[in-house]
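All remarks here apply to the structure that follows.
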Amino acid sequence: MTSPFQVVLVEPEIPQNTGNIARLCAATQSPLHLVGRLGFRIDDRSVRRAGIDYWHLVMLHTHPDWSSFALTHARLRPPGRVRLFSATGRRSYLDAGFLPGDALVFGRESSGIPQEVLDRYPDDVFGIPTAGAVRSINLASAAAIVVYEAMRSVGALDNARIESAADDAHPEPDDFVR
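Per my numbering, residue 269 is the first one in the sequence shown, and the count goes up by one each step.
Here it is, written out as structure tokens:
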């Protein structure tokens, strides 16, 4: 099971969320892009702990700013669109019409995706519906919801098997950042 999607976190603040999303990316073989200033050091113990021992399986890319990420994404094959997921999204993530190569973009826990990025892609902003007074879903939960729905919608899960990892799949990496 290889994900045809790029997972993008713009200025994440909470190391545990980033670690959990890294684990999601390892499980789905989705490249993870960290964009802009992080609210923690990438070698922070809490990031490492949240990702458990899967960091060596993460295709991790860092970008100093949005422009750098956008340039990298434009060069990918297959080319993909940018799909933004935000509490301000007016359309459901179920209406995103996912295509292989799409970048699935999530913003800061406290303030979401920067307004200048939202303004660049006004027709590509989606939200996750909630019932009741909850204004948004936790970042790691939102990423998991969207990544698995995107994969399901393009058939990437059609032949997926549920199986345990091999006993030797959990080495202790010395350096988990690529």
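Don't be surprised by glycine CBs; every beta carbon is placed ideally from N, CA and C.
Asked, Found
"CA nearest to the CA of Val457, picked from Thr330, Phe374, Gly287, Trp323", "Past the edges of the chain, shown from 269 to 446, lies residue 457, and the structure says nothing about it."
"Simplified DSSP state of Pro441, which is helix, strand or coil", "The predicted model places Pro441 with a pLDDT of 46, which falls under 50 and marks its position as unreliable; any figure quoted below should be read in that light. Pro441 falls in the coil class under three-state DSSP."
"Arg345: first and last residue of the uninterrupted alpha helix (DSSP H) it sits in", "It is not in any alpha helix (DSSP H) - Arg345 carries neither H nor E in the DSSP assignment."
"7 Å Cβ cutoff met for Ala418 and Phe366", "yes"
"Reduced DSSP category for Leu306 - H, G, I as helix; E, B as strand; rest coil", "coil"
"Asn427, buried or exposed, once every other Cβ within 10 Å from all chains shown has been counted against 16", "exposed"
"Beta-carbon gap between Arg351 and Asp370 smaller than 7 Å", "yes"
"Pairwise C-alpha distance: Trp334 and Val385", "8 Å"
"Where Ser378 falls, given that 16 or more other Cβ within 10 Å makes a residue buried", "exposed"
"Residue(s) in a DSSP beta bridge with Thr330", "Leu302"
"Boundaries of the beta strand (DSSP E) in which Gly380 is found, first to last residue", "Neither: Gly380 is in no beta strand (DSSP E) and is coded neither H nor E."
"At least three beta-carbon pairs within less than 8 Å, the stretch 292 to 306 to the stretch 272 to 283", "yes"
"Paired residues, beta bridge with Gln274 - DSSP", "Ala371"
"Cβ neighbours of Gly357 in the same chain (closer than 6 Å, five flanking residues each side left out)", "Val393, Phe394, Gly395"
"For Pro397, the nearest candidate out of Leu325, Ala355, Ala295, Arg343 (CA to CA)", "Ala355"
"Alpha carbon of Arg388 to alpha carbon of Thr340, nearest angstrom", "16 Å"
"Top-ranked residue by Cα proximity to Ala290, from Leu407, Gly423, Leu425", "Leu407"
"N-terminal and C-terminal residue of the alpha helix (DSSP H) that Gly395 is part of", "No alpha helix (DSSP H) contains Gly395, which is instead part of the beta strand (DSSP E) from 393 to 395."
"Cα-Cα separation, Pro299 to Phe308", "20 Å"
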